[in-house]
Amino acid sequence: MAYIDRFKFHYQKDFTDQIPYEGREFEAALYQKDGAIAFITLNRPEKRNAIDDNVFLDLMAGLHAAREDDEVRVVVIRGAGLSFSSGHDLSGPSGQETPPVPPTANPTVRDYLNVERRRCGKYEDLLHFPKPTIAQVHGACIGAGEFIHASCDFTIAADDAIFGASGFGRYTGGVQDWPLWPVGSERFRAGKLTLEITGQEAAELGLVNRSVPLDDLDDEVRRWADRLAVLPADSLLLAREWLNGTLDVTGIGVAWRSHYAGHLAIQWIRFQPDEVNFYKARRDRGLRGYFATRAVQATAGAE
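This is the structure we're talking about:
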């Protein structure tokens, strides 16, 4: 037994292992267990569950707790309040690792790449989590919210959930582009390049597993979780390892590396007048005004 315990401890040292959960007061993301199902609830409803360092720390701690608890067979990730997640918290204090690094920080390429690898590595931990994961999506699912849902094994969405933001479209990067492989290029492009899509449209394109009316969402997610919880845990683990290995063979690792490089390139480019220069716009007009302007421009362009 001592040998097995030692092997288990050293098997995979990832971010979830580094965040303690015992005695933790979960606040930015809540951890609850109901039988064989663990629920991690993003808990910043006043910010539409915008992702900052505190949310990620609690999310990683919750995954750590679920991973070490042999009674837990399935993990459900959901959001409190009106939305699943509005994406990275772009209005938070500087110095946080989770939101994109602003150009004013003036990092070296090496330092910036290290931050990117750590930040994106957290999503990889979720993708490779050893137990089945379900994203329960309602309301807005934007940016980092899409990263989280697409890194889960399954996504059940409300019919009227919104993926993407008006004026920006849908943004998923790296491993979150994996639906390209199972759903095919044309259907994936339809979901990737449109302005925003509903949960029902995402289900029709194959980008989520199912969409249901909002009032039925809790019950539908529970039905999926209960069905997964009674399946042989070892068989599920092996099947998911094979699936992720197949994605690696087809180029998912390259997608991750291009994701890092893309963020680096964005920091040192000269913007054309019609391009989105987020940091300048935030400085000139503020976040709320900027997003409102983009939404109006998108509506006008679609007419």
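Under our numbering, the first residue of the sequence shown carries the number 14, and numbering increases by one thereafter.
Just so it is clear, CB atoms sit at the ideal spot from N, CA and C, and this is done for glycine as well.
- Distance from the CA of PRO58 to the CA of GLY219, rounded to the nearest whole angstrom, comes to 28 Å.
- Contact between the region 244-261 and the region 43-54 is absent: fewer than 3 CB-CB pairs across the two stretches fall below 8 Å.
- According to the DSSP assignment, GLY92 belongs to the beta strand (DSSP E) that extends over 87-92.
- In this chain, the alpha helix (DSSP H) harbouring PHE69 covers 66-81.
- Nearest C-alpha to GLY36 among LEU241, ALA78 and ASN257: ALA78.
- Straight-line spacing of the CA atoms in TYR125 and CYS165 works out to 26 Å.
- Secondary structure at VAL243: coil, using DSSP grouped into helix, strand and coil.
- Per the DSSP secondary-structure output, ARG223 pairs in a beta bridge with ILE169.
- Taking 7 Å as the cut-off, the Cβ atoms of ASP102 and ALA74 do not count as close.
- Restricting attention to alpha helix (DSSP H) runs no shorter than 4 residues, the region 22-60 encloses them at 28-31, ordered along the chain.
- Pairing ILE50 with ALA268, the inter-Cα distance amounts to about 31 Å.
- In the three-state reduction of the DSSP assignment, THR211 falls in the strand class.
- Between the C-alpha atoms of VAL234 and GLN149 there is a straight-line separation of about 7 Å.
- Going by beta carbons, ASP71 and ALA41 fall inside the 7 Å limit.
- Bounds of the beta strand (DSSP E) holding ALA148 are 146-150.
- Rounded to whole angstroms, the Cβ separation of THR29 and LEU76 is 4 Å, and the two are in contact under 8 Å.
- Measuring C-alpha to C-alpha distances from ARG91 to each of GLY302, ILE169, ASN127 and GLY299 identifies ILE169 as the nearest.
- The beta-carbon distance between THR211 and ASP173, rounded to whole angstroms, is 6 Å. This is short enough to meet the 8 Å contact definition.
- Under a 10 Å Cβ-count criterion, ALA163 is classified as buried, with 16 or more other Cβ atoms of the shown protein chains found around its own Cβ.
- Rounded to whole angstroms, TYR136 and LEU256 show a C-alpha spacing of 17 Å.
- Separation of the CB atoms of ALA242 and VAL87 is rounded to 5 Å, and the pair is thereby assigned contact status at 8 Å.
- Between PHE160 and ILE147, the CB-CB gap reaches or exceeds 7 Å.
- With contacts defined as CB atoms closer than 7 Å, ALA171 and LEU251 fail to qualify as a contacting pair.
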